[in-house]
Structures are given as structure tokens and as C-alpha cells.
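Heads up: the sequence lines are chains U and V, in that order. For the first sequence, position 166 matches number 167 in the working numbering, and the numbering has no gaps at all. For the second sequence, position 160 matches number 183 in the working numbering, and the numbering has no gaps at all.
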Amino acid sequence: MKLRGRLLYPAIGCVLMLGGWEVIGRAGLLGRTFPSLTEVLRVYADGPRAALLVRSSTATLGSAATGYAVGLCLGAAVALLAHLVPLLRGGLDRLAVLVNALPVIALGPVLIITAGRESTPAALAAVPVFFLLYTSTGVGLRGASRRLELVLTTLGAGRWQRLTKLEAIAAVPSVLSGMKIAASSAMIGAIVGEWFGAPSGLGVVVLNSMQNFQIPLLWATVIVIAAMTLSGYGLLTLIEQAVRRRIGECDG
Amino acid sequence: MRRLIFDLWPIVLLLLLWQLWVSTAGYSSIVLVPPGAVLSDLLHFPGAYLSPALHTLAFALAGLAVGMALGLSLALAAWLCEVLAGITTPFALLLSSTPVVCLIPVIVRLFGYGSRTELMAIALMTFFPSFVYCKAGLRQLPARSADVLMVLRASRWQTLRLLAVPAALPSLTTALRVGATYSVLVALVAEYLMQTGGLGTLFAVTMQQFQLARALGASALAMALSVALFEATRAIEERVSRVYRAGS
């Protein structure tokens, strides 16, 4: 019973999804802009278009990774600063809520002016990552066990020792789940950033193939984007689980 | 007053840096405008902004309502029928972890350029969080209450009405909050790509005409709209979770 709900039905769902896609595409039920699965897969076997996708993926991955790394470091560092200087926290928290609610595309015009067209994808990827990491690091640092903190203080630990021996370690799981969510935000930021006139990237391919009616290429590109995001998410989930198992032991 | 300064210093700092940058770099106004110019454009030509802002807001709210209703209905159907729940799992998993904004060009191509497509895109994109959160909420029922209802021989329908829906209400309001920010984002992206009117179109068009003050004004207004919707839905979420969590 459990197995059926866990494996069989989702498997049927997968088959239905892929089969339905093929049938609808072949029969043209949703019009010419809904290609069949095989038509989309053929794009990957076609030399020039496959080369275009590889080239664009490298560019997008580069921007997303740069933005991710910058956002990650800055977010964690500022959260640490806010943790050590509580006076700053009110304003930074408010800003984090604000940026979390901001539609990334509305930042586009601002970033084109400040960062330039070429670095807009990376900058737009960095912004949501920065604030996700700021929030998750802050929550993690404040979530350290009160009792262990008292023990450390009683044993004569200073502010620095409390931070490195207790709070920083307690924050790791929260930071990791922030990193997991941030992966997909970085991808969205990079792609939307490319729509504002970047020279290359998957976002550019998506936009051009949409405007030039290259339907199979459009779908193939979106699948590449989804696959890249999912594998990033999957990789971070594996790391998170491994770390959680290790840290969980001393959490008790 | 002191509280306000402590809360708003990063925004003030950003605005000051922007102003400082403009006045030291000495760019012409087609490259960069100071924050004051954006504000004065907003204040002097409110008519230019009003109808695009209302357009975006109306589409975001309408799309959100449709998406939420669809998500809730499908989640309820999945709760009542286990086969459906299993079959929809891969769809939900796939769509909740892909960057949905990147699917908008596909939707645009599928349904054609136009306002109808904008509404459909918003409804579709807010449907995913609504479905995922409602489904999760319906599954986390308080175990003892479920036992009581079973002992009293409540039917599946009665359990749904008396227990599942009230218990899932906090998740529903979370879905509303997540969906609200999505709805404005998707509305802007759709308007930007299809030029169907609204703030997204306003900043797409004015960027091309180098009317930077107007473009940044539209951008600022879009941000304000999104933040306002987010704050409103967060207030609803907090109120509901206070009422419903207090009882359990």
C-alpha cells in the first residue's frame, strides 16, 4: 500500500506526463507551438543548435555561479556583522523583507545603469542570494542553544569563542537550507538579467527563439534551464543531508 | 522617530550613495538620473503611472485569485483521492523546483501575445505554490483529532469540512503570501515580454526611449506594489496562524 502510493502512482504520473506530451505534440492538439517530445529531443542531436546551447549554458552558468558566490559571501558576512552589532539589525532585517518581496525584473533597469549590460545577469543573481543567505544565516546564528551558551559563558568563553565554537556551527544547517533555495533564485536572476540585452546566455536564446518562432529550440532551452536548476538543487540537498547527519550527532 | 531611523538606514544609505554617485560622476541624464529626478517625475506626472499601475495590480490580483482557487481545488481532490495524489507528485515536484519565470516565454508562445495570456501565466504560476502548500497543509492534520473523528464515524467529507480545511488554513495563507509576490513578478515579466500594458510595459518602453526617470519611477512603483501586497498577505498569514495555532 505504502509502496504503491510512493512509487507506482508517481511512476504512472511520469509516464502520463511524457506520453501525454508526445501525443499532444504529434496530434497538434495545442497548436503548432506545442512540439512533441521527440521533436524537442532532436534539438540536442542537431550540431549547431546543440553547440549554441552548450555555449549559452556556459555563459549563464558562469553568471549564475558568480552571482551566487558573491551573494553567498556578502550575505553571510553581513549577517555575521548584524549578529555582532545588534544596532544594525533592525534596518537590515527590514531591507531583507523588502528585497525578498521585490520582483527581480523591476531591478533590471536599475542594474543596467549601475552594473552595465554585461554584468547585469550576475548582479541580478546576486541580489536574491544575498538576502536569502542574510536571513538564513541570521536565523541560524540566533538559533544556538541557550543552555550551551550559558555553559560556555560560565566556563569563561569570550564573545569570539562563543561565536566560533557554538554559534557558527549551530548556524550551518540553516545556512545550507538557505543555499538550497538560493540556487533556483540565482538561476532566475541570471536568466532575467540576460533579457536586458546581455551578449549571450540561455536567457538570450529563450527570448530570441520565442520571438523568431523556433518552438523546439525554445522548449529545449527551457528544459536545459530546468535541468541545471534541478541538479544544483539536488547537489545541495545531498550536501545538506550529509552535513545534517554529522552535526545532528552533537546537537543531541 | 528613532525607531524609524534605525529601521530605514540601509535605504537612506543606498539613496545617498546613488545621489553622491550622480553628482560626482557628472553623467548626462540619458545615462543616469539622480533619485530626486525620479521622485519629481512620480509626483509631477501621476497620470502617466496611474493606469499602468492599476493594470498591473488588477491582473496580479485576478490571476492570484484564479491560481489560488485552482490550487486549493486540486489539493482537495488529491486529498480525497490517493491515486490522484500519487500521479500529481512528479508534476508538483518538477514544477515547484524549476525556475517558473523562465517558463513564461513558453506560455506566451503557446497562448499567443495578449492580456489573456498574461492572466493565464499569473494564474498558472500562482497555482503551483497554492497546490504545494495546500497539499502539505492537508496532510499535517492533528493526529488525535483525526482519531476522534474516525471513532465518531465521520465520513471523509465531514472530516474534510470539520478538520482538514480549518487545519490547512495556515498553510493556505502561507500559499497566499508566496503567491502574492509571484503574481506581481509574473505580471511584470509578462508585460515586459508581451507589451500588453501595465508597469512592465512602461519600463520596457521608457528604457528604449532613454526616459530614465520614467523607467526608474515605474520600477520603483512596481517594487512598492509588490512590497505592499507582500505586507498585506503577511499580516493575514500572521493573524490566521495566531488564531489557529492557539487552539491546537
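Every residue gets a Cβ at the ideal spot worked out from N, C-alpha and C, and that includes glycine. This structure is a prediction, so every number in the text was calculated from the model and none was measured.
For residue i, the three-state DSSP class (helix, strand or coil)
i: ALA107(U); result: helix
i: TRP196(U); result: coil
i: PHE131(U); result: helix
i: LEU65(V); result: helix
i: ARG132(V); result: helix
i: ASP252(U); result: Low per-residue confidence applies at ASP252(U): pLDDT is 46, beneath 50, and the placement is therefore not dependable enough to give any value.
i: CYS125(V); result: helix
i: ARG176(V); result: coil
i: VAL56(V); result: coil
i: VAL86(U); result: coil
i: ASN213(U); result: coil
i: ARG247(U); result: helix
i: GLN218(V); result: coil
i: ASP47(U); result: coil
i: ALA145(U); result: coil
i: PHE253(V); result: helix
i: GLU254(U); result: Because chain U in this structure spans residues 2 to 253, residue 254(U) falls outside the shown range and cannot be described.
i: GLU119(U); result: coil
i: PHE35(U); result: coil
i: LEU156(U); result: coil
i: LEU237(U); result: helix
i: GLY202(U); result: coil
i: PRO33(V); result: helix
i: PRO165(V); result: coil
i: SER104(V); result: It should be noted that the sequence gives Cys, not Ser, for residue 104(V). CYS104(V): coil per DSSP, three-state reduction.
Terminal residues of the alpha helix (DSSP H) in which residue i lies
i: GLN234(V); result: Run containing GLN234(V): none; DSSP gives neither H nor E here.
i: ALA146(V); result: 138 to 162
i: CYS15(U); result: 10 to 28
i: GLN162(U); result: 160 to 163
Buried versus exposed call for residue i [16 or more other C-beta atoms within 10 Å across all chains shown]
i: MET2(U); result: Residue placement at MET2(U) is flagged as unreliable, the pLDDT there being 49, under the threshold of 50; a coordinate-derived value is accordingly withheld.
i: CYS157(V); result: buried
i: LEU45(U); result: In the sequence as presented, Leu is not what sits at residue 45(U); that position holds Tyr. Exposed, by the Cβ-count rule.
i: ALA243(U); result: exposed
i: GLU195(U); result: buried
i: CYS104(V); result: exposed
i: HIS67(V); result: exposed
i: MET173(V); result: exposed
i: GLN181(U); result: The sequence given here places Lys at residue 181(U); Gln does not occur at that position. By the neighbour-count rule (16 or more Cβ atoms within 10 Å), LYS181(U) is buried.
Original post:
Using Cβ-Cβ distances below 7 Å, what residues of the region 178 to 194 of chain U are close to chain V?
Top reply: Here the close residues are SER185, MET188, ILE189, ILE192 and VAL193.
Original post:
Hey, is the region 186 to 196 of chain U in contact with the region 59 to 75 of chain U, meaning 3+ C-beta pairs nearer than 8 Å?
Top reply: Contact check between the region 186 to 196 of chain U and the region 59 to 75 of chain U: three or more CB pairs, one atom from each, fall below 8 Å, which counts as touching.
Subject >> the region 65 to 81 of chain V in contact with the region 203 to 216 of chain V per 3-pair CB rule at 8 Å >> reply: Using a C-beta cut-off of 8 Å, the region 65 to 81 of chain V makes contact with the region 203 to 216 of chain V, since at least three inter-stretch Cβ pairs fall below that distance.
Subject >> the region 27 to 52 of chain V: positions lying closer than 7 Å to chain U by Cβ >> reply: Result list: PHE29, ASP30, LEU31, TRP32, PRO33 and ILE34.
Original post:
Got a sec: which bits of the region 11 to 44 of chain U sit with their beta carbon under 9 Å from any beta carbon on chain V, in order along the chain?
Top reply: Legend: CB atoms of the region 11 to 44 of chain U lying less than 9 Å from CB atoms of chain V belong to residues PRO11, ALA12, ILE13, GLY14, CYS15, LEU17, MET18, LEU31, GLY32, THR34 and PHE35.
Original post:
Is it a yes or a no for the region 160 to 168 of chain V touching the region 225 to 238 of chain V, going by three-plus beta-carbon pairs under 8 Å?
Top reply: No: fewer than three Cβ pairs fall under 8 Å.
Subject >> Interface positions of the region 107 to 141 of chain U facing chain V (Cβ-Cβ less than 7 Å), listed along the chain >> reply: Hits within the stretch, in order: ALA107, PRO110, VAL111 and ILE114.
Subject >> Chain-ordered residues of the region 215 to 245 of chain U with a beta carbon less than 7 Å from chain V >> reply: Listed in sequence order: ILE216, LEU219, TRP220, VAL223, ILE226, ALA227, THR230, LEU231 and TYR234.
Subject >> chain V contacts made by the region 56 to 88 of chain U, where a contact means CB separation under 9 Å >> reply: The residues in question are LEU88.
**OP:** Give a yes or no on contact between the region 55 to 69 of chain V and the region 40 to 47 of chain V, applying the rule of three or more CB pairs nearer than 8 Å.
**Re:** Look at the beta carbons and you see the region 55 to 69 of chain V touching the region 40 to 47 of chain V: at least three pairs across the two are nearer than 8 Å.
**OP:** Residues of the region 151 to 174 of chain V with a CB closer than 9 Å to any CB of chain U: list them in chain order, please.
**Re:** Result list empty, no residue passes.
**OP:** Taking a Cβ distance cut-off of 8 Å, strictly less, list which residues of the region 89 to 112 of chain V are near chain U, in chain order.
**Re:** Interface annotation for the region 89 to 112 of chain V against chain U: GLU105, VAL106, ALA108, GLY109, ILE110, THR111 and THR112, criterion Cβ-Cβ distance under 8 Å.
Original post:
Given a limit of 7 Å on CB to CB distance, which residues of the region 200 to 222 of chain V reach chain U?
Top reply: The residues in question are THR204, VAL207, LEU208, LEU211, VAL212 and TYR215.
**OP:** May I ask you to list, following chain order, the residues of the region 120 to 132 of chain V that have a beta carbon less than 7 Å from some beta carbon of chain U?
**Re:** If the cut-off is 7 Å between Cβ atoms, the region 120 to 132 of chain V has SER120, THR121, PRO122, VAL124, CYS125, LEU126, PRO128, VAL129, VAL131 and ARG132 near chain U.
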